[in-house]
Every structure is written in C-alpha cells, then in structure tokens.
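Working notes for the structure below.
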Amino acid sequence: MFCHGNLAHLSGNLFNLCVFGKMVEETEGTLGVVFTFLVCGLGAALATFFLTPATSNGHVTVSVGASGAIFGLFAVSVVTRLRWNLKQLLEAAVLGQFVVRQVLEEAKNQVAGGLTVGGMAVSHAAHLAGAAVGVILVLLLQHLPDPAAGAVGSSK
C-alpha cells in the first residue's frame, strides 16, 4: 500500500485519498479513515495475492499501490451517507454515481482479462476487493454501540 509504480500512480492515489479520506473523516473521524484505509488495503492485498495466478515459472505477481484502500474509501464515503438526511442523501447520490461507475468499470475489466496503464498491469481484483471490504466494514461496524452516545446517556 505504501509503494507505488511511478509518480502518476502515487499522485492519483494521494488526490483520491485527500478527497475521499476527508469525506470519510466527516462521518467516521480521523481514526475511522486510518482504520478504513488499512483494513481495505489489507483486504485488497490479500485478494490480489489469492486471486492473481502465479506466472508460468511459478513466481508470484507483486502488487503495488493503495488503490484497493482508496476504493474502500470510495465505498465507505457513499455507504455512510445513506441516511435519512437530505444533505447526506444528495451527497450519496452524487458520489454514488462516480463510485458505482468506477466499480462497474473495474468489474468489466476484471472479466475482460485486465488492462495495462503506462506499461503496468492494473489489479482490478484489488480495486473490487477494497470496495467490498469497505461496504462489509460499514455493515459490521454500524451494529456496534456509539461510544459518544453511551457517554452522553450515562451522564444523565
């Protein structure tokens, strides 16, 4: 997650981290961004490891970049806005169009057999896995009690 193929790869991921990391921070806080980034990135890396076949001489394919973690932030930024609040629903609708388009494009490319950008292969499996882990993370964590709500309730 912390190594990139070239400057364009790094700058693209940093730009998306700034945009979508800030959006996740608005709903989940700074620790939520860090936790989401790391868990989605790890899930994406594991998916790539298990889903990418070894080369003909038995070598494992090396994957670089934080795109899986970024796709996790994409998903979390939309899913956390699906609440009965007009502002957040509008944000989810606008963001959702972008995120759904990106995820569908990755799924299409994964089925089509991959794509190379600038001479480097793109791990569509990592992108899809990062988004899936992000959605699963939100679904699992929304059932945990809110510590802030507990603190307020206990002071009464």
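Sequential numbering of the sequence shown, starting at 3, is according to the working numbering.
Glycine included, each C-beta is placed from N, C-alpha and C at the ideal position.
These figures come from a predicted structure and were not determined experimentally.
Classify residue i as buried or exposed, calling it buried when 16 or more other Cβ atoms lie within 10 Å of its own Cβ.
i	result
Leu141	exposed
Cys42	buried
Gly60	exposed
Ser13	exposed
Thr63	exposed
Val101	buried
Val80	buried
Thr82	buried
Phe22	buried
Glu107	exposed
For residue i, which three-state DSSP category applies?
i	result
Ala46	helix
Ala123	strand
Ala68	coil
Met25	helix
His145	coil
Gly132	helix
Phe37	helix
Phe4	coil
Gly60	coil
Thr32	helix
Leu84	coil
Please report the distance separating the alpha-carbon of residue i from that of residue j.
i	j	result
Glu28	Leu84	14 Å
Leu53	Ala128	9 Å
Leu139	Asn15	21 Å
Asn87	Val137	20 Å
Val185	Cys5	Outside the shown range of the chain (3 to 158) lies residue 185, about which nothing can therefore be said.
Ala46	Lys89	31 Å
Ser69	Gln144	24 Å
Phe39	Leu75	7 Å
Val26	Val96	15 Å
Lys24	Leu33	12 Å
Cys20	Phe37	15 Å
Assuming the contact rule is C-beta atoms closer than 8 Å, residue i and residue j should be a hit. Round their C-beta distance to whole Å, please.
i	j	result
Ala133	Phe73	4 Å
Met3	Ala71	6 Å
Who are the near neighbours of residue i in its chain, counting only those whose CB is closer than 7 Å to its CB and skipping five residues on each side?
i	result
Ala49	Ala127, Ala128, Ala131
For residue i, I'd like the list of residues in its chain whose CB is within less than 6 Å of its CB, leaving aside the five on either flank, ordered along the chain.
i	result
Leu18	For the sequence presented, residue 18 should be read as Asn rather than Leu. Hits under 6 Å: Ile72.
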